[in-house]
Amino acid sequence: MKRILIIGIGAGNPDYITMQAVKALNRTDVFFLMDKGQSKDKLLDLRREICDTYITEPGYRFVEADCPERVRGEIDYTTAVQDLNRDKQATFERMINEHMADGEVGAFLAWGDPALYDSTIRILQAILASGRCAFEFEVIPGITSVQALAARHKVALNRIGKSVEITTGRRLAAGQASDADTLVVMLDAEDSYRTVADQDMDIYWGAYLGTPDEILVSGKVGEVADEIHRVRKAARLANGWIMDTYLLRKP
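UniProt numbering numbers the first residue of the sequence shown as 1 and each following residue consecutively.
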């Protein structure tokens with residue numbers, strides 16, 4: 001039986017790798033890498049660096065495939081994501097069928113944690129449900145950008161007796177109603193924090209967390225929103241991509 005590992009590799013710093021993940025890396029025969037284009041080569045390079053750093057015995061191999069892209073523009077977001085995951089499913093299924101022998105261990109290296117805003121678990125479950133590919137799989141958790149953000153800003157994620165909610169920039173921009181004391185926002189492509197700039201809220205923002213390109217900004221949303229917008233735009237232009245997360249709360 002083939003065995004697949006989904007290994008959470010943390011939010012950008014190779015030191016975020018857990019000992020469980022190191023052991024999983026050393027069990028793996030083949031690593032499946034999704035190429036998202038030249039502008040995101042750093043994401044592939046980090047995965048290779050992690051393997052070179054923590055795997056003690058040679059003999060493992062990499063299999064790369066072009067990562068399907070989500071259709072943007074005049075299309076329903078949920079439909080677009082479902083279509084993207086369907087295309088990824090076909091790619092994953094092909095790699096597992098064509099590049100793994102029975103009894104081997106394959107691995108997908110998930111940025112952050114596989115259980116938070118990552119579709120690898122759902123995709124593997126869909127492949128198994130289709131019946132076209134047989135394997136067992138295991139999930140190894142990792143440090144999320146949410147944890148890294150709080151650590152780098154030296155703040156607690158929650159306040160005593162208070163709630164925390166994790167949401168998306170899309171929902172915040174749509175006027176999401178929430179009574180959570182702390183709101184953590186991910187996947188914000190539209191600078192949605194500016195929609196609450198007129199409210200008395202603190203923001204702790206971070207991009208490329210754990211990497212040499214890391215940027216941190218904090219303060220009152222109304223006072224630092226323009227600064228975040230400026231540095232975010234410049235960083236995206238310089239790198240061709242950006243991964244950022246922020247925490248919002250009333251003082």
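All residues carry an ideal CB built from backbone N, CA and C; glycine is no exception. Note that the coordinates shown come from a computational prediction; the quantities given were computed from them, not determined experimentally.
Locate the alpha helix (DSSP H) running through residue i, then write down its first and last residues.
{"i": "Asp-87", "result": "77 to 99"}
{"i": "Ile-121", "result": "120 to 130"}
{"i": "Ala-150", "result": "145 to 153"}
{"i": "Glu-49", "result": "41 to 54"}
Skipping 5 residues on each side, what residues in its chain have a beta carbon closer than 6 Å to that of residue i?
{"i": "Arg-194", "result": "Ala-225"}
{"i": "Pro-141", "result": "Gly-8, Asp-113"}
{"i": "Asn-239", "result": "none"}
{"i": "Phe-108", "result": "Ile-6, Phe-32, Thr-120"}
Taking buried to mean at least 16 other C-beta atoms within 10 Å of its own C-beta, is residue i buried or exposed?
{"i": "Val-71", "result": "exposed"}
{"i": "Thr-53", "result": "exposed"}
{"i": "Val-81", "result": "exposed"}
{"i": "Leu-237", "result": "exposed"}
{"i": "Met-19", "result": "exposed"}
{"i": "Ile-4", "result": "buried"}
{"i": "Ile-96", "result": "buried"}
Please go through the same chain and pick out, in chain order, the residues whose beta-carbon is closer than 8 Å to the beta-carbon of residue i, but skip the five residues on each side of it.
{"i": "residue 252", "result": "As displayed, the chain neither begins before 1 nor continues past 251, which places residue 252 out of reach and without an answer."}
{"i": "Ser-218", "result": "His-153, Asp-202, Ile-203, Tyr-204, Trp-205, Val-224"}
{"i": "Arg-47", "result": "Ile-9, Phe-31, Leu-33, Leu-109"}
{"i": "Thr-182", "result": "Leu-157, Asn-158, Arg-159, Lys-162, Ser-163, Val-164, Glu-165, Leu-247, Leu-248, Arg-249"}
Taking the continuous beta strand (DSSP E) assigned at residue i, which residues delimit it?
{"i": "Leu-248", "result": "244 to 249"}
{"i": "Thr-182", "result": "182 to 186"}
{"i": "Leu-5", "result": "2 to 8"}
{"i": "Ile-140", "result": "135 to 140"}
{"i": "Leu-216", "result": "215 to 220"}
Excluding the 5 residues flanking residue i on each side, which residues of the same chain have their C-beta closer than 7 Å to its C-beta?
{"i": "Arg-104", "result": "Correcting the residue type first, residue 104 is Glu in the shown sequence and not Arg. Same-chain partners within the cutoff: Lys-2, Asp-29, Val-30."}
{"i": "Gly-169", "result": "Val-185, Leu-187, Asp-188, Ala-189, Glu-190, Ser-192"}
{"i": "Arg-99", "result": "Here residue 99 turns out to be His, not Arg, going by the sequence shown. So the list reads Val-30, Val-63, once near-sequence residues are dropped."}
{"i": "Asp-200", "result": "Lys-250, Pro-251"}
{"i": "Ala-180", "result": "Ser-163, Val-164, Glu-165"}
Please state whether the Cβ-Cβ distance between residue i and residue j is less than 8 Å.
{"i": "Ile-50", "j": "Thr-120", "result": "no"}
{"i": "Thr-79", "j": "Val-146", "result": "no"}
{"i": "Val-221", "j": "Ala-197", "result": "yes"}
Report yes or no: do the region 113 to 126 and the region 80 to 96 share at least 3 C-beta pairs separated by less than 8 Å? yes
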